[in-house]
Amino acid sequence: ESAAVKACTADLCLPSILGAADLIAKSFRNGGKLLLCGNGGSAADCQHMAAEFTSRLSADFVRPGLPAIALTTDTSFLTAYANDFDFEGIFARQIQAIGKPGDVIFGISTSGNSKNVIRALEIAKSVGMSSIGLSGAGGGLLHAVADVCVCVPSNNTQHIQETHLAVEHIVCHLVERALFGDTGAVDWGISNVPGGHGTKSGKYPY
1 ESAAVKACTA DLCLPSILGA ADLIAKSFRN GGKLLLCGNG GSAADCQHMA
51 AEFTSRLSAD FVRPGLPAIA LTTDTSFLTA YANDFDFEGI FARQIQAIGK
101 PGDVIFGIST SGNSKNVIRA LEIAKSVGMS SIGLSGAGGG LLHAVADVCV
151 CVPSNNTQHI QETHLAVEHI VCHLVERALF GDTGAVDWGI SNVPGGHGTK
201 SGKYPY
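Its first residue numbered 1, the sequence shown is counted upward by one per residue in this note's numbering.
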């Protein structure tokens, strides 16, 4: 069943997957950053995806780090804000603080209805950010607020989450190729990416 969901996602969601990768690549190209938010397993996905962008996806593809931040990791802030105000605003507050026009928010919710994720995308829009949603069948409220929403065609949470990981890797792969071509940064230089400093050896000093 999991394989069938992935195959169906590939058939039905390709335009939205390509659209998500395009938004992220354009933001990086113009000096923007990617912020990610979600709860539970989706929070883990946010951290996983941010790590792929900031470190690398493939060991044989050399490139500089790309600016991606999971808004799920600062436990001091998350507990302070949830205790003093509410849980619904934990991501929106961070976006208000560090989000800039031209950045992208990537919200992950298997139901598409996580209140704190929806609120994050709403605040992001007011800041001038683009938004991407990753959800399950139908997309829930996330589908309505996101500029691009990848809606995995399943109502089974575990299969949605399994497919989300595949989608996240595909998006990262597409962004890497959009920015650096098929062979990596060292083959053509990385002046298009702010702050990049490549070497002919294919290694980075940081």
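Glycine included, each C-beta is placed from N, C-alpha and C at the ideal position.
Counting along the chain, the unbroken alpha helix (DSSP H) around C46 starts and ends at 41-54. Distance from G138 to G112 at the Cβ level is roughly 7 angstroms; contact confirmed, criterion being Cβ atoms closer than 8 angstroms. Sequence-distant Cβ neighbours of L66 in its own chain, meaning closer than 6 angstroms and more than five residues away, are F28, F53. In the DSSP secondary-structure assignment, A120 is not bridged to any residue. For the pair I90 and L141, the Cα-to-Cα distance works out to about 18 angstroms. Distance between M129 and A7, taken at the CA atoms: about 31 angstroms. Counting only unbroken stretches of 4 or more residues, the alpha helix (DSSP H) elements lying wholly within the segment 50-97 are 75-84, in sequence order. Residue range 157-180 is occupied by the alpha helix (DSSP H) that includes V167, with no beta strand (DSSP E) assigned at that position. 9 angstroms or more divides the Cβ of I108 from the Cβ of H173. Its chain contains L57, F61, R63 as the residues whose beta carbon lies nearer than 7 angstroms to that of E176, once the 5 sequence neighbours on both sides are disregarded; these appear in chain order. Beta-bridge pairing by DSSP links V104 to L34, S130. In this structure, A68 places its C-beta atom within 9 angstroms of the C-beta atom of L35. Spatial neighbours of T72 in its own chain (CB-CB distance under 7 angstroms, excluding positions within 5 residues in sequence) are listed in chain order as C37, G38, A43, C46, Q47. In this model, V104 and E1 are separated by some 32 angstroms (Cα to Cα).
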